[in-house]
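Inspection log for the structure reproduced underneath, given as structure tokens.
2 protein chains.
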Amino acid sequence: MSKKKTVLIVDDHPLFREGLKSLLAGHSGFEVVGEAGTGREALLKAEELRPDLVVMDLSLPDQSGIDVTRSIRGLLSETRIMMLSMHSKIDYITEAFQVGATGYVVKESASERLIECLETVSRGEYFIDASLSHQVAKNLMESGEKAAKITDAGYGLLTSREQQVMRLIAEGLATKKIAEKLFISPKTVENHRTNIMNKLDLHSAMELVRYAAKLGLIDVDLWKS
Amino acid sequence: MSKKKTVLIVDDHPLFREGLKSLLAGHSGFEVVGEAGTGREALLKAEELRPDLVVMDLSLPDQSGIDVTRSIRGLLSETRIMMLSMHSKIDYITEAFQVGATGYVVKESASERLIECLETVSRGEYFIDASLSHQVAKNLMESGEKAAKITDAGYGLLTSREQQVMRLIAEGLATKKIAEKLFISPKTVENHRTNIMNKLDLHSAMELVRYAAKLGLIDVDLWKS
DNA sequence: GCAGCAACGGGATTTTATCCCGGAGGCAGA
DNA sequence: TCTGCCTCCGGGATAAAATCCCGTTGCTGC
Chain F
32 MSKKKTVLIV DDHPLFREGL KSLLAGHSGF EVVGEAGTGR EALLKAEELR
82 PDLVVMDLSL PDQSGIDVTR SIRGLLSETR IMMLSMHSKI DYITEAFQVG
132 ATGYVVKESA SERLIECLET VSRGEYFIDA SLSHQVAKNL MESGEKAAKI
182 TDAGYGLLTS REQQVMRLIA EGLATKKIAE KLFISPKTVE NHRTNIMNKL
232 DLHSAMELVR YAAKLGLIDV DLWKS
Chain A
32 MSKKKTVLIV DDHPLFREGL KSLLAGHSGF EVVGEAGTGR EALLKAEELR
82 PDLVVMDLSL PDQSGIDVTR SIRGLLSETR IMMLSMHSKI DYITEAFQVG
132 ATGYVVKESA SERLIECLET VSRGEYFIDA SLSHQVAKNL MESGEKAAKI
182 TDAGYGLLTS REQQVMRLIA EGLATKKIAE KLFISPKTVE NHRTNIMNKL
232 DLHSAMELVR YAAKLGLIDV DLWKS
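Chains as they are written, first to last, in the numbering used here: chain F, 32 to 256; chain A, 32 to 256.
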């Protein structure tokens, strides 16, 4: 490797930052030149250090990593940003790429994954954690500016309206509430739900929620806190 | 230092574990001999490796770090456990020490704090993160058994039968199935459910599932695979 | 124009939930 | 022992929701 890539670490947990630093210290290709614990700090450091890479946590105390990413990308077009998150919800991933992130890795991954991602991203290529559905990744690549659609064996069979209804059901909204939200009759919502369940071969509300969780339509981790 | 202290790391984020490992590798006093990502795994490794120290994350996918700590302390009286958490809530800290933890550090702390804690704990002394109020520490020592049952405000109100029914509901079983399983009338199951919802102030099946997920009655992570 | 599909919703029926009721049995205290 | 209290159990009446089958509208492609 010609020269080390400079890295800025942004995460609100100092311990995690230290860990990452130690980890990257063991790899000759990267050099951690700075770290930040808040979004504000991240922006200042990024502007000052102009790093090649930024490892960005999604959740920061003062603002979302999404916003920070957007800001940094606006300032430094050469700097590549790698998103690190606890969540694998499709919305987050989509958003991250839309604001200019080049990589996305979940914290559940092994460290090799992180290194791999950094190497890929430093070459300017996109990287999406392989533990995320391949379909998701594919769509993200293809869609470009558009919002990524989720495809699944069954989910693709649903019409857009049905997908919309399904999200609301999965989020736990009652039939009536969904009807109000969409300005349609509760009866229609029920019909949509029936169709959804037939197409996906589901037989209860709970199965639907699990299915949605598997696809990343909803983030069940949020329930735990 | 006479010889290295063996350390077992328990955290559900591989990246965080790697980071800790790298961090501790830079200190001659400790040697990471194993790691675990779940409570179950932690117990097995602890029994197998009999480490001097355990660095334990509070939140694990399958069960609480509190439970794991209790179990390990029951098995290995020589092993000291250091709690690592994102939360500085008094409840957690209290509980951690009550089940046999010897140290408590929040993830917001710097890495020096962690090392300091490990050194202190390995000598068998108690360590509480200085960023936590002194009052907290004081209260901890005094309170003893008093605040023992923190489990949950509402869940304790349920009778054992109701708790049993609640589990089954949370697992997604239909009313009818639950009735069959418990050899009672569907009507009775419905009555139990009504009582449960009243006592816990829940208003839909989904809320119940979320509540159950929060308490750890069910493992929503299993849905994702 | 017509076939096909999506979105919408009605009517009749069945299933489920809700609210209120009471009985059997265990258990603690007077 | 008797009395009150609570749990567990289930019934009956009623309200709500789901289910099944039906038709209308409107758009699209041939």
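No residue lacks a Cβ here, since even glycine has one placed at the ideal position from N, Cα and C.
Beta-carbon separation of residue i and residue j under 8 Å?
{"i": "Val38 (chain A)", "j": "Leu55 (chain A)", "result": "yes"}
{"i": "Glu193 (chain F)", "j": "Ile227 (chain F)", "result": "yes"}
{"i": "Val251 (chain A)", "j": "Val220 (chain A)", "result": "no"}
{"i": "Leu84 (chain A)", "j": "Arg48 (chain A)", "result": "no"}
{"i": "Gly144 (chain F)", "j": "Asp160 (chain F)", "result": "Note that residue 144 (chain F) corresponds to Arg in the displayed sequence, not to Gly. Cβ distance < 8 Å, so Arg144 (chain F) and Asp160 (chain F) count as in contact."}
{"i": "Val99 (chain A)", "j": "Leu115 (chain A)", "result": "no"}
{"i": "Ser102 (chain F)", "j": "Leu80 (chain F)", "result": "no"}
{"i": "Ala77 (chain A)", "j": "Leu106 (chain A)", "result": "yes"}
{"i": "Phe130 (chain A)", "j": "Arg154 (chain A)", "result": "The sequence shown places Val at residue 130 (chain A), not Phe. Cβ atoms of Val130 (chain A) and Arg154 (chain A): not closer than 8 Å."}
{"i": "Phe61 (chain A)", "j": "Lys34 (chain A)", "result": "no"}
{"i": "Leu189 (chain A)", "j": "Lys218 (chain A)", "result": "no"}
{"i": "Leu149 (chain F)", "j": "Met117 (chain F)", "result": "no"}
{"i": "Ile40 (chain F)", "j": "Val86 (chain F)", "result": "yes"}
Could you tell me the distance, in whole angstroms, from the CA atom of residue i to the CA atom of residue j?
{"i": "Glu238 (chain F)", "j": "Ser108 (chain F)", "result": "44 Å"}
{"i": "Thr151 (chain F)", "j": "Val240 (chain A)", "result": "40 Å"}
{"i": "Gly57 (chain F)", "j": "Ala236 (chain A)", "result": "49 Å"}
{"i": "Pro92 (chain F)", "j": "Gly70 (chain F)", "result": "8 Å"}
{"i": "Gly96 (chain F)", "j": "Phe158 (chain F)", "result": "17 Å"}
{"i": "Val167 (chain A)", "j": "Glu147 (chain A)", "result": "Low confidence applies here, because Val167 (chain A) scores a pLDDT of 49, under 50, leaving its location unreliable; read the following figure in that light. In a straight line, the C-alpha of Val167 (chain A) is about 19 Å away from that of Glu147 (chain A)."}
{"i": "Ala205 (chain A)", "j": "Gly134 (chain A)", "result": "44 Å"}
{"i": "Arg198 (chain A)", "j": "Val64 (chain F)", "result": "50 Å"}
{"i": "Lys245 (chain F)", "j": "Pro45 (chain F)", "result": "32 Å"}
{"i": "Ser90 (chain F)", "j": "Asp42 (chain F)", "result": "8 Å"}
{"i": "Glu139 (chain A)", "j": "Leu253 (chain A)", "result": "29 Å"}
{"i": "Arg224 (chain F)", "j": "Thr225 (chain A)", "result": "25 Å"}
{"i": "Ala132 (chain A)", "j": "Ala243 (chain A)", "result": "26 Å"}
{"i": "Leu233 (chain A)", "j": "Tyr186 (chain A)", "result": "12 Å"}
{"i": "Val142 (chain F)", "j": "Ser59 (chain A)", "result": "The sequence shown places Ser at residue 142 (chain F), rather than the Val named in the question. Each residue's Cα considered, the two are about 23 Å apart."}
{"i": "Ala127 (chain A)", "j": "Lys212 (chain F)", "result": "44 Å"}
Does DSSP classify residue i as helix, strand or coil?
{"i": "Ile200 (chain F)", "result": "helix"}
{"i": "Asp88 (chain A)", "result": "strand"}
{"i": "Met117 (chain F)", "result": "coil"}
{"i": "Phe61 (chain F)", "result": "strand"}
{"i": "Ile159 (chain F)", "result": "strand"}
{"i": "Ile112 (chain F)", "result": "strand"}
{"i": "Ala67 (chain F)", "result": "strand"}
{"i": "Ser53 (chain F)", "result": "helix"}
{"i": "Val152 (chain A)", "result": "helix"}
{"i": "Trp254 (chain A)", "result": "helix"}
{"i": "Gly247 (chain F)", "result": "coil"}
Note down, in chain order, all residues in the stretch 224–245 of chain A with a beta-carbon under 8 Å from any beta-carbon belonging to chain F.
Shown in chain order are the members of the stretch 224–245 of chain A whose Cβ falls below 8 Å from a Cβ of chain F: Ser235, Ala236, Met237, Glu238, Val240, Arg241, Ala244 and Lys245.
> Are the stretch 64–78 of chain F and the stretch 62–78 of chain A touching, with three or more C-beta to C-beta distances below 8 Å?
Replying inline: Taking 8 Å as the limit for Cβ pairs, the verdict is that the stretch 62–78 of chain A does not touch the stretch 64–78 of chain F.
Cβ-based contacts, 7 Å cut-off: residues of the stretch 127–144 of chain F near chain A: The stretch 127–144 of chain F vs chain A, Cβ under 7 Å: Lys138, Glu139, Ser140, Ala141 and Ser142.
Exercise. Return the residues of the stretch 42–72 of chain A that lie within a Cβ-Cβ distance of less than 9 Å from chain F, sorted by chain order.
Key: Taking 9 Å as the cut-off between beta carbons, the residues of the stretch 42–72 of chain A near chain F are Asp43, His44, Pro45, Leu46, Phe47, Arg48, Glu49, Gly50, Leu51, Lys52, Ser53, Leu54, Leu55, Ala56, Gly57 and Gly68, in sequence order.
Note to self: Can you pull out the residues from the stretch 197–209 of chain A whose beta carbon lies closer than 7 Å to at least one beta carbon of chain F?
What the structure shows: Taking 7 Å as the Cβ-Cβ cut-off against chain F, the residues of the stretch 197–209 of chain A that qualify are Gly203 and Ala205.
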